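Visitor: Just so we're on the same page, this note's numbering is the position in the sequence shown counted from 1, plus 188.
From the three backbone atoms N, C-alpha and C, an ideal C-beta is built for every residue, glycine too.
All figures in this text were calculated on a predicted structure; none of them were measured in a lab.
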Amino acid sequence: MLYRLARRGIPPLIQKAKASADVNYNPIKRVPKCDDGFYRKANPLVDGTVLLRKFKSKTGREIDYVLATPEDRNLVATFSSEIYAKYNSCCAHYKVKPEELDGLNAPATDQMLENGKIYCAYDGDKLIGCSYNSFNYEDKFEEMFNGEMPGMKDPKFIVKEDYAEEFNNQPFTPGVNYYLTMLDIVQPQTGKFLPAGIKGFGVMEGAMIHSEYQKEGIFQPMFDFAETAFKEAGIYHLAGYCIATGTRKILSRGGFETIYILNYDDFKKAKASAEVNYTPIKHVKKCDDGFYRKANPLVDGTVLIRKLKSKTGREIDYVLATPEDRNLIATYASEGYAQSNSCCAHYKVTAAELECIAVPSVDQMLENGKIFCAYDGDKLIAVMLNSFNYEDKFEEMFNGEMPGMKDPKFIVKEDYAEEFNNQPFTPGINYYVTMLDALQPQTGKFLPAGIKGFGITEGGIVHQEYQKEGIFPVMVDLAEKAFKEKDIHHVGGYCVATGSQKIFRRRGFKSLYILHYDDFKVNGKPVYSNLSDGATCCDVMVKVLK
């Protein structure tokens with residue numbers, strides 16, 4: 189179990205952000221894999237301490253075992269991230285990618301090279317396995333075990349009803365965050381089960397074997413090396429955190445005994461904040477020409493406008509979305525935002541990462557707002573999401589800063605590191621959500637006293653081939669009509685891009701306040717600079733509908 193140790197070795201700010209390249213550890217330089225699926229090292233027996241030569245595997249292969257050195261850092265970390273992503277069943281369950289694990293694996297590798305041991309197995313020049321082992325002494329027990337020290341009488345393993353809060357405070361992608369949350373439940377509780385007076389505690393942190401060698405008996409010599417090393421270091425109590433059936437069997441055969449178990453049925457999380465509490469979508473497949481299509485789009489939804497001529501003469505149909513459109517719209521919106529929202533594109537946010545925000549938004553708009561869709565035949569070419577918000581929600585929506593405030597001022601903090609660190613998603617999305625959380629709750633105090641409702645044009649995504657066809661203004665008209673029908677006469681837009689700012693100004697929206705991107709900083713650095721569309725600010729704009 190590599191990862192709890194990795195977190196112990198990272199300073200507090202780093203625990204909260206593999207956010208950007210300014211994380212306080214050295215990123216690994218990924219080693220290229222050879223065409224046959226292996227990572228190789230020229231002359232592996234020259235640099236490291238050779239522990240065992242030409243060990244016969246179960247099928248007669250001759251395996252060399254070597255103690256890793258700092259020169260092996262990039263190779264070992266690259267290999268470990270890939271193997272863990274593929275074969276750690278918890279990570280594979282959430283399709284965690286190797287690069288997502290780097291943020292944990294790099295510092296873990298550094299710590300093992302400095303204060304532990306990493307054993308590597310080679311078949312010739314092919315790296316086929318490695319194991320990480322940590323040496324932990326009593327001066328670190330207080331921190332390591334969260335104060336629950338060895339020698340506790342009648343210790344009990346505690347499982348909470350829900351781990352949503354802990355999940356939300358993890359810094360990485362959701363799949364990695366689930367894994368870290370689980371380890372943070374399990375590992376700190378070990379201390380209270382250990383006998384009083386022990387001076388050291390060894391952990392077999394993780395073993396990674398290439399898929400072609402997993403039945404070759406590669407692990408056993410590394411296991412033996414670790415036990416010998418622990419005893420030489422005066423450590424006689426060893427642990428392994430076995431998430432998989434294979435490791436449980438191996439350690440059981442090696443004389444390990446169970447001290448407590450976390451049953452996976454008991455490890456629960458209320459699917460957290462915006463990735464939270466939503467039903468995952470069934471992705472709609474894109475056609476070869478780059479469009480998402482819907483058969484007979486005019487049949488299911490309410491047709492609003494038929495065959496409206498675009499600027500180049502295309503006949504566009506405008507339709508009100510229905511719940512049956514959920515998967516199509518969420519798939520389209522996630523991809524469109526990843527490509528066209530300059531703040532998201534700046535950090536190369538993927539469509540999959542955006543789903544944690546896009547899907548709940550689509551669900552909310554289908555239930556309590558309106559989503560307008562534009563079709564060219566059966567091709568979905570644009571969507572616009574609009575929300576209806578009424579005074580019974582203002583207190584929560586505006587964090588208590590209600591309409592009618594005298595002399596309201598837009599407050600910009602010097603730094604948003606704390607807010608960023610508390611976001612539950614990937615770094616690019618966490619920056620974006622942090623910015624919106626700085627902007628949207630402050631709108632209320634700028635609105636006039638007595639208003640009963642506030643509409644928001646939440647987002648519009650137009651396919652790149654249609655962005656100069658005049659699609660978006662038609663959708664704005666549809667939205668304004670819908671807002672007035674709902675007796676909402678104050679409408680806002682949070683315009684992060686130059687294009688949306690220009691359109692809204694032409695439509696009569698006025699600026700309420702502006703967040704200049706140079707002033708939006710995390711850990712002292714502006715988050716958004718040199719955006720692809722040239723945007724320098726987010727303009728919060730409002731229009732009063734007559």
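Alpha carbon to alpha carbon, how far is TYR307 from LYS229?
Guide: Distance between the alpha carbons of TYR307 and LYS229 is about 14 Å.
Visitor: Taking the alpha-carbon positions, what's the ILE676 to LEU554 distance?
Guide: Using only the alpha carbons, I get a separation of about 18 Å.
Visitor: Mapping DSSP to helix, strand and coil, what is ILE447?
Guide: Coil.
Visitor: Return helix, strand or coil for SER461, following the three-state DSSP convention.
Guide: Because the pLDDT at SER461 is just 29, under 50, the model does not fix this residue reliably, and the value given afterwards should be weighed accordingly. SER461 falls in the coil class under three-state DSSP.
Visitor: So, at 6 Å on beta carbons, what are the nonlocal neighbours of ILE493 in its own chain, with the 5 sequence-adjacent residues on each side left out?
Guide: TYR506, listed in sequence order.
Visitor: Tell me the DSSP bridge mates of LEU240?
Guide: DSSP output for LEU240 lists TYR253 as bridge partner(s).
Visitor: Roughly how many whole angstroms lie between the Cα atoms of LYS470 and GLU543?
Guide: Whole-angstrom Cα-Cα distance: 11 Å.
Visitor: In the DSSP assignment, find the alpha helix (DSSP H) that holds ILE691 and state where it starts and stops.
Guide: Start and end: 686 to 694.
Visitor: Taking buried to mean at least 16 other C-beta atoms within 10 Å of its own C-beta, is GLU404 buried or exposed?
Guide: Looking at its Cβ environment, which holds 16 or more other Cβ atoms inside 10 Å, GLU404 is buried.
Visitor: I need the straight-line Cα distance from LYS601 to VAL732, nearest angstrom please.
Guide: About 29 Å.
Visitor: Indicate whether the contact test is met: 3 or more Cβ pairs, each with one atom in the region 309 to 318 and one in the region 229 to 248, closer than 8 Å.
Guide: Counting Cβ pairs under 8 Å, three or more are found: they touch.
Visitor: Give the straight-line distance between the Cα atoms of ALA256 and GLU653, rounded to the nearest whole angstrom.
Guide: C-alpha separation (whole angstroms): 53 Å.
Visitor: In three-state DSSP terms, what is GLU543?
Guide: Helix.
Visitor: Per DSSP, what are the beta-bridge partners of GLY557 in this structure?
Guide: In the DSSP output, where bridge partners are listed per residue, GLY557 has SER575.
Visitor: Out of GLY236, PRO511, ALA265, TYR227, point me to the one whose CA is closest to ASN214's CA.
Guide: When only C-alpha atoms are compared, the closest one is ALA265.
Visitor: Can you look up ARG228 in the DSSP assignment and give me helix, strand or coil?
Guide: DSSP places ARG228 in strand when its eight states are reduced to three.
Visitor: In the DSSP assignment, find the beta strand (DSSP E) that holds LEU315 and state where it starts and stops.
Guide: Residues 314 to 325.
Visitor: Residues in its own chain within less than 6 Å of LYS305 by CB, not counting five upstream and five downstream?
Guide: Closer than 6 Å at the Cβ level, and outside the excluded window around LYS305, lie ASN321, ALA417.
Visitor: What does a CB cutoff of less than 8 Å around GLY638 pick up in its chain, not counting 5 residues either side in sequence?
Guide: Within the same chain, GLY638 has close Cβ partners PRO591, GLY592.
Visitor: Please confirm whether any heavy atom of the ligand ZN lies closer than 6 Å to the CB of GLU326.
Guide: Of ligands this structure carries none, so the ligand ZN is not represented either.
Visitor: Could you check which residue in GLU349, PHE692, ARG694 has the C-alpha nearest to that of ASP453?
Guide: Ranking GLU349, PHE692, ARG694 by Cα distance to ASP453 puts GLU349 first.
Visitor: With a cut-off of 8 Å on the beta carbons, I'd call LYS674 and GLY641 a contact; round off their distance for me.
Guide: LYS674 to GLY641, Cβ: 7 Å. Contact.
Visitor: How do the region 384 to 394 and the region 423 to 431 stand: do at least 3 beta-carbon pairs fall below 8 Å, yes or no?
Guide: Yes, they touch.
Visitor: Give me the Cα-Cα distance between PHE413 and ASN334, rounded to the nearest whole angstrom.
Guide: Distance between the alpha carbons of PHE413 and ASN334: 30 Å.
Visitor: When burial is assigned at 16 or more other CB atoms within 10 Å of the CB, is GLY643 buried or exposed?
Guide: With 16 or more other Cβ atoms within 10 Å, it is buried.
Visitor: Is it the case that the Cβ atoms of ALA735 and ILE517 are separated by a distance below 7 Å?
Guide: Past the edges of the chain, shown from 189 to 734, lies residue 735, and the structure says nothing about it.
Visitor: Within a Cβ cutoff of 7 Å, which residues of the same chain sit near SER461, ignoring the five residues on either side of it in sequence?
Guide: Low confidence applies here, because SER461 scores a pLDDT of 29, under 50, leaving its location unreliable; read the following figure in that light. So the qualifying residues of the chain are ASN356, PRO612.
Visitor: Ordered along the chain, which non-local residues of its own chain (more than five positions away) have a Cβ less than 6 Å from that of ALA562?
Guide: Excluding sequence neighbours, ALA562 sits near ILE504, TYR506, ILE569, ALA570, ILE659.
Visitor: When the Cα atoms are used, what is the spatial distance from LEU624 to GLU657?
Guide: Cα to Cα, the separation comes out at about 29 Å.
Visitor: For the alpha helix (DSSP H) that contains HIS281, what are its first and last residues?
Guide: Its alpha helix (DSSP H) spans residues 277 to 281.
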